[in-house]
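Input: a single structure, listed below in structure tokens.
2 protein chains.
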Amino acid sequence: MKQEETVYQYIEKAILENRMPPGTRLREVHLADIFGVKRGLIRKVLSRLTSAKLVDHIPNVGAQVACPSLKDGQDLFATRQILEQAVVRQLCDSLTPSQIGSLRDFVVREQEAYQGGDTQKGVGLSARFHRQLAELTGNRVLLEFLQDILNRTPLVMMSLSQPDSTRACINHDHRNILDALEAGDCLKAVDIMQQHLQQLEGMFSVHKTEPTIDLEKIFQDT
Amino acid sequence: MKQEETVYQYIEKAILENRMPPGTRLREVHLADIFGVKRGLIRKVLSRLTSAKLVDHIPNVGAQVACPSLKDGQDLFATRQILEQAVVRQLCDSLTPSQIGSLRDFVVREQEAYQGGDTQKGVGLSARFHRQLAELTGNRVLLEFLQDILNRTPLVMMSLSQPDSTRACINHDHRNILDALEAGDCLKAVDIMQQHLQQLEGMFSVHKTEPTIDLEKIFQDT
DNA sequence: ATTAAATATATTGTTAACAATAGTAATATC
DNA sequence: GATATTACTATTGTTAACAATATATTTAAT
Chain E
1 MKQEETVYQY IEKAILENRM PPGTRLREVH LADIFGVKRG LIRKVLSRLT SAKLVDHIPN
61 VGAQVACPSL KDGQDLFATR QILEQAVVRQ LCDSLTPSQI GSLRDFVVRE QEAYQGGDTQ
121 KGVGLSARFH RQLAELTGNR VLLEFLQDIL NRTPLVMMSL SQPDSTRACI NHDHRNILDA
181 LEAGDCLKAV DIMQQHLQQL EGMFSVHKTE PTIDLEKIFQ DT
Chain Y
1 MKQEETVYQY IEKAILENRM PPGTRLREVH LADIFGVKRG LIRKVLSRLT SAKLVDHIPN
61 VGAQVACPSL KDGQDLFATR QILEQAVVRQ LCDSLTPSQI GSLRDFVVRE QEAYQGGDTQ
121 KGVGLSARFH RQLAELTGNR VLLEFLQDIL NRTPLVMMSL SQPDSTRACI NHDHRNILDA
181 LEAGDCLKAV DIMQQHLQQL EGMFSVHKTE PTIDLEKIFQ DT
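Those protein sequences? They're chains E and Y, same order as listed.
Here my numbering is used: position 169 in the first sequence is 169, and no number is missing along the way.
Here my numbering is used: position 119 in the second sequence is 119, and no number is missing along the way.
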């Protein structure tokens, strides 16, 4: 495969899997040495990751793993609600039995991963489930947008939620969504999706408040 | 302003205003000469325009103004329906009188442009109206996605619609949407938006069919 | 001992030269 | 004359050296 693509995916994967916490510096020569490539190539990759909002770039200083704000997370989830509810609504009267079957396979594999203690894999498969739903609409623009959101979500959760919170999709919700879709119960399917995402959002938005370093307050007693 | 940004916006503007038809070759040295900048800078700009899908890039051959397919246009409009209906739904019970006022100013300016024969300006202001609605939701992710769609739309219309078709937003629709929003009639506002976009989409999807160069058919009598 | 200034180092940003590739024209071969 | 081969030109892609900037360290001054 094309070298640039390989390096891009390595770094992207490391960010998505939360192996590099937000704020981690990404030095060009360092990365170039690690992957055995020239600095120019790293530069292109970092530039792409920056426009994907997985990396923050400060001119003349460098790149670091992105640190999404609380508002970023809220806007992300609000938009995700819009898109995923639309996805479910559209799939409700268009899914074939074989498509439902392949979705059920996903859910089973996801459950196995969680039960086997492989949370990392479970989280990945959860995202894949949501992605798969979008893909089945056949709308590539919609898929692209949702993929964008799904990619940014782990950083949001990492930045803003407690480390002990499980951060996983609730598996039975996925199953219930499929049941409702199979039954053609559109309203129910949308409703479960809505609550499902709301619950996920609840995992971070409660815990941390916007880090508005309010200098006023800090120096109020000086 | 930063040189790269300036050049980016010049080229972007030329594409958005349909001054360069889809397929137009964008040669690096040529552009570098025109803007009096180095080739490396042009390269970065073209790369960014490519990920914005305004430019197609063929490895080792070069860049050209993007040629969106019929399916691209359909997916774009389907997603736009989802986003803009959500925007209207959200604004229905949150718009302040002053916000409605500033939106009305937009519509007036748009109408003046069309009546003054400046279709170019009118089309631009139409897009600005839709953008403004999204901006008033305060959701930056949503705005980013809709802006992306609005930017790609002129190329879709150019690629796929008849040259004589007016390609403009119907001005009174905008006014009617505002009226419904002001009256707090959410269902009506959404309905007008839906029809409005459907009408816009109708301007291209009817006219041209996917250019599936079906070699089978061409050589069927040989 | 603290602050300020100067120096050194590390890092990003730019560019000009080179390499690789694709497209085009010219030449040779049948 | 049509086709294949070769040489040429235009264009994109890569790289190593250089420039500019920011950070860290040292030195000097009070």
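Note that the Cβ used here is the ideal one computed from N, Cα and C, for glycine as well.
Assuming residue i and residue j are in contact, meaning their beta carbons sit under 8 Å apart, how far apart are those beta carbons, in whole angstroms?
i      : j      : result
E:K44  : E:E4   : 6 Å
E:L197 : E:F106 : With a Cβ gap of about 18 Å, E:L197 and E:F106 do not count as contacting.
E:I177 : E:V88  : 7 Å
E:I82  : Y:I82  : 7 Å
Y:E110 : Y:S126 : 6 Å
Y:L91  : Y:L133 : 6 Å
Using only alpha-carbon positions, find the residue among the options that is nearest to residue i.
i      : options                        : result
E:L95  : E:Y10, E:E182, E:T119          : E:E182
E:H223 : E:V108, E:Q111, E:R48, E:L103  : The shown model of chain E, from 1 to 222, leaves out residue 223 of chain E, and the question about it has no answer.
E:G36  : E:Q120, E:A113, E:Q147, E:V7   : E:V7
Y:V156 : Y:V55, Y:K2, Y:G40             : Y:V55
E:E17  : E:Y114, E:Q120, E:A189         : E:Q120
Y:R128 : Y:L146, Y:G116, Y:G117, Y:D118 : Y:L146
E:S113 : E:G73, E:N171, E:E135          : Contrary to the premise, residue 113 of chain E reads as Ala rather than Ser in this sequence. Comparing Cα positions, the closest option is E:N171.
E:E28  : E:S47, E:D75, E:M193, E:G73    : E:S47
Y:L150 : Y:Q194, Y:K2, Y:G73            : Y:G73
E:E201 : E:I34, E:D75, E:I42            : E:D75
Y:A135 : Y:Q99, Y:V108, Y:I192          : For the sequence presented, residue 135 of chain Y should be read as Glu rather than Ala. Comparing Cα-Cα distances from Y:E135 to each of Y:Q99, Y:V108, Y:I192, the minimum goes to Y:Q99.
Y:A189 : Y:G101, Y:V108, Y:P59, Y:D93   : Y:D93
E:M203 : E:H174, E:S159, E:I192         : E:S159
E:T153 : E:C186, E:S69, E:E110, E:Q111  : E:S69
Y:G184 : Y:P97, Y:Q194, Y:Q195          : Y:P97
For residue i, write down the residues that DSSP places opposite it in a beta bridge.
i      : result
Y:F152 : Here the sequence assigns Arg to residue 152 of chain Y, which means Phe is not the residue at that position. According to DSSP, which records beta bridges pairwise, Y:R152 is partnered with nothing at all.
Y:Q195 : Paired residue(s): none; Y:Q195 is not in a bridge.
Y:V55  : Y:V65
E:R25  : E:Q64
At least one CB of chain E closer than 8 Å to the CB of residue i: is that the case?
i      : result
Y:R140 : yes
Y:F145 : yes
Y:D75  : yes
Y:I82  : yes
Y:A86  : yes
Do we get a CB-CB distance below 8 Å when we pair residue i with the residues of chain Y?
i     : result
E:S51 : yes
E:T79 : yes
Worksheet entry | Three-pair Cβ contact test at 8 Å for the region 12-31 of chain E versus the region 61-78 of chain E | yes
Item to complete: Assess, as a yes-or-no matter, whether the region 130-145 of chain E is touched by the region 42-60 of chain E under the definition of 3 or more beta carbon pairs within less than 8 Å.
Response: no
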